[in-house]
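Visitor: Going line by line, the protein sequences match chains A and B.
Anchor point for the first sequence: position 88 equals 88 in the numbering used here, and the numbering is continuous, going up by one each time.
Adding 1000 to a residue's 1-based position in the second sequence gives its number in the numbering used here.
Protein chains: 2
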Amino acid sequence: MAGSQMLPKVGIHDVAARAGVSIATVSRVLNQSRPVAPELRDRVMSAALELGYNANLLGRALRQGRSHSIGLLVPDLENPFFATLAQQVSRSFSRSNIDVYICSADNDLELERRAIGSFLGRRVDGLVLIPCDETLSAANVRMASLSVVTIQLDRLAKAVKTHYVGCDNRHGMRLVTSHVREVADLSRQPVVFVGAHPTSSSAHERLDTFAKAFPSAQRVLGSFSFEFGREAMERLIRQGLRAATVVTDADIIALGVIASGHSHGFAIPEDFRVTGFDDVGVSFLAQPALTTVRQPVDQMTDTILDIVLASFDADGQTGYVVKRFKPTLVVRDSSPAHDPVAAVDADARDGG
Amino acid sequence: MAGSQMLPKVGIHDVAARAGVSIATVSRVLNQSRPVAPELRDRVMSAALELGYNANLLGRALRQGRSHSIGLLVPDLENPFFATLAQQVSRSFSRSNIDVYICSADNDLELERRAIGSFLGRRVDGLVLIPCDETLSAANVRMASLSVVTIQLDRLAKAVKTHYVGCDNRHGMRLVTSHVREVADLSRQPVVFVGAHPTSSSAHERLDTFAKAFPSAQRVLGSFSFEFGREAMERLIRQGLRAATVVTDADIIALGVIASGHSHGFAIPEDFRVTGFDDVGVSFLAQPALTTVRQPVDQMTDTILDIVLASFDADGQTGYVVKRFKPTLVVRDSSPAHDPVAAVDADARDGG
DNA sequence: TGCGGGTCGGTAAAGGTTTACCCGCATGCT
DNA sequence: AGCATGCGGGTAAACCTTTACCGACCCGCA
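1) Sort out for me which residues DSSP pairs His163(A) with in a bridge.
2) Would you kindly work out how many angstroms separate the C-alpha atoms of Ile23(A) and Ile12(A), rounded to a whole number?
3) Would you say Cys1103(B) lies against chain A (beta-carbon separation less than 9 Å)?
4) Cβ of Leu1255(B) less than 9 Å from any chain A Cβ?
5) Since His1262(B) meets chain A, which of its residues come closer than 7 Å, beta carbon to beta carbon?
6) Look up Gly195(A) in the DSSP assignment and say whether it is helix, strand or coil.
7) Is the beta carbon of Pro416(A) sitting closer than 9 Å to the one on Arg332(A)?
8) Do Val176(A) and Phe277(A) have their C-beta atoms within less than 9 Å of each other?
9) With a cut-off of 8 Å on the beta carbons, I'd call Leu309(A) and Ser92(A) a contact; round off their distance for me.
10) CA-CA distance, Leu255(A) and Ala1047(B)?
11) Give me the DSSP bridge partner(s) of Ile1070(B).
12) Give a yes or no on contact between the segment 205-221 of chain A and the segment 154-172 of chain A, applying the rule of three or more CB pairs nearer than 8 Å.
13) Say the cut is 8 Å; is the CB of Ala1019(B) nearer than that to a heavy atom of the ligand MG?
14) So within the segment 188-234 of chain A, which uninterrupted alpha helix (DSSP H) runs reach at least 4 residues, ignoring any that extend past its ends?
15) For Thr321(A), which option in Ser137(A), Gln218(A) and Thr162(A) has the closest C-alpha, if you only look at C-alpha atoms?
16) Could you have a look at Phe1272(B) and say whether DSSP puts it in helix, strand or coil?
17) Using alpha carbons as the reference points, say which of Cys1103(B), Asn1107(B), Gly1261(B) and Leu1129(B) lies closest to Ser69(A).
18) Closer than 7 Å, Cβ to any Cβ of chain A: which residues of the segment 1054-1081 of chain B, in chain order?
19) Select from the segment 1221-1249 of chain B all residues with a C-beta closer than 7 Å to any C-beta belonging to chain A, and list them in chain order.
20) State the DSSP-derived secondary structure class of Val331(A), mapped to helix, strand or coil.
21) State the start and end residues of the unbroken alpha helix (DSSP H) segment that holds Phe1325(B).
22) Roughly how many angstroms separate the alpha carbons of Arg1230(B) and Arg113(A), rounded to a whole number?
23) Kindly list the residues whose CB is nearer than 7 Å to the CB of Val191(A), restricted to its own chain and excluding five residues on each side of it in sequence; keep chain order.
24) Considering only the alpha carbon of each residue, which of Pro198(A), Leu241(A) and Ser202(A) lies closest to Leu353(A)?
25) Between Pro75(A), Pro336(A), Asn56(A) and Asp154(A), which lies nearest to Lys9(A) when the distance is taken from Cα to Cα?
26) In angstroms with no decimal places, state the Cα-to-Cα distance between Pro1327(B) and Ala1196(B).
27) Between Leu361(A) and Ala105(A), is the Cβ-Cβ spacing less than 9 Å?
28) What did DSSP end up calling Leu127(A) once you bin it into helix, strand or coil?
29) Can you tell which of Leu136(A), Val128(A), Thr292(A) and Ile130(A) has the C-alpha that lies nearest to the C-alpha of Ile253(A)?
30) Taking Met1006(B) as the reference, which of Val149(A), Ala211(A) and Ser260(A) has the closest Cα?
31) CB-CB under 6 Å to Glu1050(B), same chain, minus the five flanking residues each way: which ones, in chain order?
32) What residue range is occupied by the uninterrupted alpha helix (DSSP H) comprising Ala1115(B)?
33) Which value, in whole angstroms, describes the spacing of the CA atoms of Gly1020(B) and Arg1041(B)?
34) Kindly identify the DSSP beta-bridge partner or partners of Asp278(A).
35) Which value, in whole angstroms, describes the spacing of the CA atoms of Ile151(A) and Asp76(A)?
36) Taking the beta strand (DSSP E) that Thr1318(B) falls in, what are its first and last residues?
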C-alpha cells in the first residue's frame, strides 16, 4: 500500500560517497557552515542533486538541540478567528524560515495536554498556546513553559507566568459599551449580552467590562459558536424580547444572533442592534455588516516572532513579555453610530 | 528570555540511574515492549514520574524510522471548508494516537514545496495534501509521494498517482444544475456561474459540469474567497443583471454574492437565487440559509485514516485507493425547490 | 631553509532512543 | 544429576546529523 517505488532513503553518507568526500564536507557544503574548496563544493552539490538528497531533520534536530520549528495549539480550528491567527502566525514565521506546526485541541483538555506533550517531545523551539480554559489549562501551560519558550496568545491561563500577546479586551469592550450607550439611552431599549461562559480569559474580561458598564443588563452565556449565538437569540425572542441592543463577545456569536433575528422577521439594526468582537473576515459581509472590535492580528503575530527570536540569542532569563494591543472599534451597519434611520441612508449612499 | 527555570532535560539514562536499572529496561517498561519484573517496573515508573520524564520523540523516530505523526497541508486555513477538513482529520487520527500537524501553504507554490520538504525531512508517516494548483502542484505532490504514503484530499493534482479522497464534484454539480433548472425554465431568468478559476481539480470539475448543463450561461471566475464572490456580484449588477439564479462552486463565494445582493437592495431568493458548495458551518446561518452541496467529511477523513493505517502493515505496493464520495444536495431558502413564494411560506413555518 | 599561521579536509563523538544479541539463572524434564 | 528451555536483565549498535578536534598542506616571512 504505497507508491510505485518508494525511493530508498538517501543520507549524507551516500552523497559523500558519490562525491568522493567525507560526510563532514558534505554537511559543510550543505549548511555553508565553513568554506569548502569550489571544486569539492560543486561535486557535493551535484551529487546531492542527482541523488535527490533531502536532509533528515530528525538527525539534525537531535544533534543541534533545535528543530527550527514551533508549535501552535488552538482550541478550535473552525472558529474563524483562530484560523486567522493560525494563518498569520504561519506568515510571520515563514519569513524567518521557522516551520509552524498547527494542532487543534478540539476544546478538550486531555487533547490539549497530549498535543503539548508531543510538541515538547519533538523539541519545538517555541510553543504558542491559546489555552482552552482559563483555570483548567493552567497545568498544561505550565508544563510547556518549563521546557520551552511559551507564548500565550489571545487567552491567558491563570496563575502561570509566560509571555503573553493579546489585545486589551477591557478597552475593546469599553469601546463597544460607550458606542452602544448613546443609542440605548435615547431609545430606552434594553441592552443584553450574549457571550461565551467566562472560562477563557478573553471571555472573562469582556464579560466583566460589559457587566461594569451595564450592571443590570440581562446576560445569556454559552460557547464561542454560531450555534450558541442562534440559540441564545431564539431564547431571548421566546422570552418576549422584541427590540434591543445585543452585545456579543465574538463575531461568530453575533452572526448566529443576526441569523436568528432575521429568521423571525426582525430588522437589523432597526429592531435589534448587534455588535461583535474580533473582526473576522466574514463579519463585514454579514447582512447587515457587523459592528465589531478589530484586533491588530499581524502586529500580534510579529510580536510573537520577536519573542521567539529573542529567546534564541539571550537564553538568560529575561522577564516575560506581556503585550496587550489596543483594539479599535469598527462601526458598521449592524449598530449604527446614532439613529438607525440615518444609518440606513448612509448605507444606501455607500452601497448604491 | 525564558522561564524562571528551564528544567534540565531528563533522558532515559537519568531514569535508569535513579531506578537502578539499565536503559533497556526503562525503555521496555515505558513502551511495554517486553515483560519486566513487577518490582523493577514499579521502580522505573516512579523514577520516570518523579523526574518528569518526557520521551524525546526525535530520538525515538530516528531509531524507529517512524514518527507517529502525519502532516496535513492545506492551501488556506481561512477557507472554512479547509478548516473543517483539518479539524476532522485531526479527530479521526487522534483515535489512533497519531499526531496530525497542520501547515498552510497560503496558496503559494513555493511555500507548498517547502512545507512538504519539511514534512518529509521530519519523517512523517503519511502526508495528506490539498494541492494548491491542479497542474503546478504536480511536482510537489510527486516529491511527497516518492517518500511517504501520500493522500490527496478534495483536490487532485494532474498526472501524479497517489491515493485520493474527495467527493464526486461532477455529481454534486449535476444535483445543483438539475435543481436549478426547474426554476430557471419557469421564470425564464438567466443562470450565471460565479466560481473559482479552474486551477484546482474541484473548481475544474464543478465548472465543467455546470458548463455542460448550461453551455451558454455567463461565467465569472476568480478565487475561493468571500471577497471574490462579492466583487463578482457587484460586476454582474453593474452590467445590469437584476434577476437570476447564481450558481457558485463554494459556500464562501456564495456568501459574498448574497452580501453584495443584499447591499444593493435585492431580495433573495425572490430576485436572485443562490447556491453554494461544501456546506460549511456558516452556510445554514446565512440570510437566507444557503442551498448547497454537502460533502461527507467524516467519512472522507475516516477513509484517510484507513489508508494510512493499511500502509503501515502491508508495505508491499498495493494499488492506489481512489475514493469519491457522493455528495448530497441540501436545499435551503436561498434557492427554494419550486417557486419563491411557496418557499417563503415554508421558511415562516420553519422559523416561527 | 625553517617555522608560524591560516585554510580546509577528515575522523570520531555526541545527541536520545530502540532493539538485536548475549548471558545468567532458574525451572523442569529425563 | 545433567541438560534444555525460557525468562528477563544488560550491553552495544544503529538511526542521521553536526561539529570539536586533529592534521596536512601551503604560503609567507625571517
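All C-beta atoms in this analysis are idealised placements derived from N, C-alpha and C, irrespective of residue type, glycine included.
Guide: So, from the listed chains and residues:
1) DSSP lists Ile151(A) as partners of His163(A).
2) Ile23(A) and Ile12(A): Cα-Cα distance of roughly 6 Å.
3) Yes, because at least one Cβ of chain A sits closer than 9 Å to the Cβ of Cys1103(B).
4) Against chain A, the CB of Leu1255(B) has a partner CB under 9 Å away; the residue lies at that interface.
5) Correct list: Gln287.
6) Gly195(A) falls in the strand class under three-state DSSP.
7) Not covered by the structure: residue 416(A). The range shown for chain A is 1 to 352.
8) Yes; because the gap between Cβ atoms is below 9 Å, this pair is in contact.
9) Contact flag wrong, Cβ pair sits at about 10 Å.
10) Leu255(A) and Ala1047(B) have their C-alpha atoms spaced approximately 52 Å apart.
11) According to DSSP, Ile1070(B) bridges with Val1100(B).
12) Under the 8 Å Cβ criterion, the segment 205-221 of chain A counts as touching the segment 154-172 of chain A, having at least three qualifying pairs.
13) The ligand MG is absent from the structure shown, which contains no ligand whatsoever.
14) List check, alpha helix (DSSP H) in window: 201-213.
15) A quick correction: the sequence has Val, not Thr, at residue 321(A). Measuring C-alpha to C-alpha distances from Val321(A) to each of Ser137(A), Gln218(A) and Thr162(A) identifies Thr162(A) as the nearest.
16) Looking at Phe1272(B) - three-state DSSP - the assignment turns out to be strand.
17) Checking every option, the nearest Cα to that of Ser69(A) belongs to Cys1103(B).
18) The residues in question are Asn1054, Ala1055, Asn1056, Leu1057, Leu1058, Gly1059, Ala1061, Leu1062, Leu1077, Glu1078 and Pro1080.
19) Cβ contacts with chain A come from Phe1226 and Arg1230.
20) Of the three classes helix, strand and coil, the one that applies to Val331(A) here is coil, per DSSP.
21) Looking at the DSSP string, Phe1325(B) is not in any alpha helix (DSSP H); the run it does join, the beta strand (DSSP E), is Val1322 to Phe1325.
22) Each residue's Cα considered, the two are about 41 Å apart.
23) Excluding positions up to five away in sequence, the list reads Val180, Ala184, Phe214, Ala217, Ala244, Thr245 and Val247.
24) Outside the shown range of chain A, which is 1 to 352, sits residue 353(A), and nothing can be said about it.
25) It is Asn56(A).
26) Just so you know, the alpha carbons of Pro1327(B) and Ala1196(B) end up roughly 19 Å apart.
27) For residue 361(A) there is no data in the structure shown, the boundaries of chain A being 1 and 352.
28) For Leu127(A), the secondary structure class from DSSP, reduced to helix, strand or coil, is strand.
29) Closest by alpha carbon: Thr292(A).
30) Closest option to Met1006(B), Cα to Cα, is Val149(A).
31) Its chain contains no residue whose beta carbon lies nearer than 6 Å to that of Glu1050(B) once the 5 sequence neighbours on both sides are disregarded.
32) Leu1109 to Gly1121 is the span of the alpha helix (DSSP H), which, as asked, contains Ala1115(B).
33) If you take the alpha carbons of Gly1020(B) and Arg1041(B), they lie about 11 Å apart.
34) Looking at the DSSP assignment, Asp278(A) forms a beta bridge with Arg294(A).
35) Spanning the two alpha carbons is a distance of roughly 18 Å.
36) It is not in any beta strand (DSSP E) - Thr1318(B) carries neither H nor E in the DSSP assignment.
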